[in-house]
Structures are given as structure tokens and as C-alpha cells.
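These notes are about the structure you will find just below.
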Amino acid sequence: MKTPRTLVSVMLPCLVIFVAMPACAVDVSTHVFSNCGFPDTGQKICYNKDGTQIVCPAHAVALAQDGSYMPSAAQPSYTQHKVNGVLVTVDNRTGLMWVTNPTDAGMGGTYTWEDALSGCEGQTYAGYPDWRLPNVRELATIIDYSQPPPTINAVYLPGTATAVPAYYWTSTTYAQDSLSAWVVNFTVAQVYYDDKANGNYVRCVRDGP
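Here the working numbering is used: the first residue of the sequence shown is 13, the next is one more, and so on.
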């Protein structure tokens, strides 16, 4: 059984630079999130210390919570398109295009890190030849903290694993251990790192639309 090694907070700036370092050749790219603002968590409800739902306190006052600042951040927003007979999902905040359901792209199982990299780069899903494995910051942008597990918008991004843990690979190698890479766990909306030899899930992305 896999054990998470660490938990980190991941900031989501609009400029993302990522470098993947597998044994095979992989393109190094920069994706700029044009005017995306700071992505909101999706959480709209506030609670008191007893766990009872309350009206969210006003901005910048005592006890203001995540839900209090909902209008101040870029809300989750997606659009689905049918391209060449299959669905793709565009994140309207970041401009990234995601495989709507990994199973439809033939990648519904688990893969080692290198197989995940090559699997995404070999995709021609919807007729696009430039799919890739997302970096850790890109994948973290589709976490939706308002959702029960899996913590993702299941309408626009269905097919997310419900296993515990539901680790999804990113192209980002863990700096302190080159045999590990960052993963996003959609079971509990957290980011860990895992050994590249382990089998984890995959959702491919491209710089769409």
C-alpha cells in the first residue's frame, strides 16, 4: 500500500514554467494563463466552530472565511466541446484544454510516471497531437474544494478515480528525490509526491483551445 510522503500547499500563479525529466525526450514548455486572476477554491459555504452552516461573514472582518471571498477570485468555469466526435473540456480561467474523461482516451487505468508521460505525449485524442502530462500547478488548478470526493467538477471532468488515495501524476519531478514526482490526490484535495515506479492515474492536458 502506498503511503503519502508529504503534504504541501501549492500556490497557483498565472505564469507556470515546468520541466519534466524522464528517460525519454520530453518537450519543455511554458504556459501563460492569460488574465486568469487567482483561481478560487470553489467553496461557497461557511461554517461555525461546531460545523453548522452559517451565513458567510463579510469580507475583511473577524471570522471571515474562504466562502466570504468567493466573488473576489476567479470562479471555476468550464466549457465542453465535441471535437472529432469526442468531448474535450476547456478551463475558461486558465485556457487549458483537458481530456474530459481519461477512459475515453484509453487511459482509465494506472501507470508508472514514465508511461504516463509517454502515454499523454502519444495521444491523438480529438485529433490533437500535442497532449502532455500536466505539471503540478496546472493539475492543482482543477481541484474543487466544494465537492465531496473526488474533489473535482464531475460534470465537466468525469471519470476521476474514487480510489483511496486517487493519486494523479504530474510531469513535475520532486526536487529532493529525482526518483519521485508530484501527484495530486483528488480523494482529499491534496498534493503529495510518490515514487515514479508506482502506478497512478492520469489526465492529459494541452495548451488549448
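Idealized CB from N, CA, C, for every residue including glycine.
TODO: Run the CB neighbour count on V188, radius 10 Å, all protein chains shown included, and call it buried at 16 or more, exposed below.
DONE: For the record, residue 188 in the displayed sequence is Gln; it is not Val. Under this definition Q188 is an exposed residue.
TODO: Output the distance between the C-alpha atoms of D219 and R149, rounded to the nearest integer angstrom.
DONE: Rounded to whole angstroms, D219 to R149 spans 14 Å at the Cα level.
Open item on the list: Measuring alpha carbon to alpha carbon, tell me which residue in T64, Y90 and R144 is nearest I154.
Closed with: The shortest C-alpha to C-alpha distance from I154 to any of T64, Y90 and R144 is the one to Y90.
Task: Cβ neighbour criterion (16 or more within 10 Å) applied to L191 - done: L191 is exposed by the Cβ-count criterion.
TODO: Please check the pair Y179 and N212, which I expect to be a contact at CB under 8 Å, by giving their CB distance rounded to whole angstroms.
DONE: That belief holds up - the Cβ atoms of Y179 and N212 are roughly 4 Å apart, short of 8 Å.
Task: Segments of 4+ residues assigned as alpha helix (DSSP H) that fall wholly inside the region 93-158 - done: You should have 125-133 and 148-152.
Open item on the list: Please tell me whether N166 and T174 are closer than 8 Å, where the distance is taken between their beta carbons.
Closed with: This sequence places Ala at residue 166; Asn is not what is there. Their beta carbons are not under 8 Å apart, which means A166 does not touch T174 by this criterion.
Task: First and last residue of the uninterrupted beta strand (DSSP E) at A187 - done: Unbroken run through A187: none, as it is neither H nor E.
- [ ] Please go through the same chain and pick out, in chain order, the residues whose beta-carbon is closer than 6 Å to the beta-carbon of C132, but skip the five residues on each side of it.
- [x] Result list for C132: W143, R144, L145 and C216, in chain order.
Task: Closest residue to N60 among E126, L75 and H93 (Cα-Cα distance) - done: Ranking the options by Cα distance to N60, first place goes to L75.
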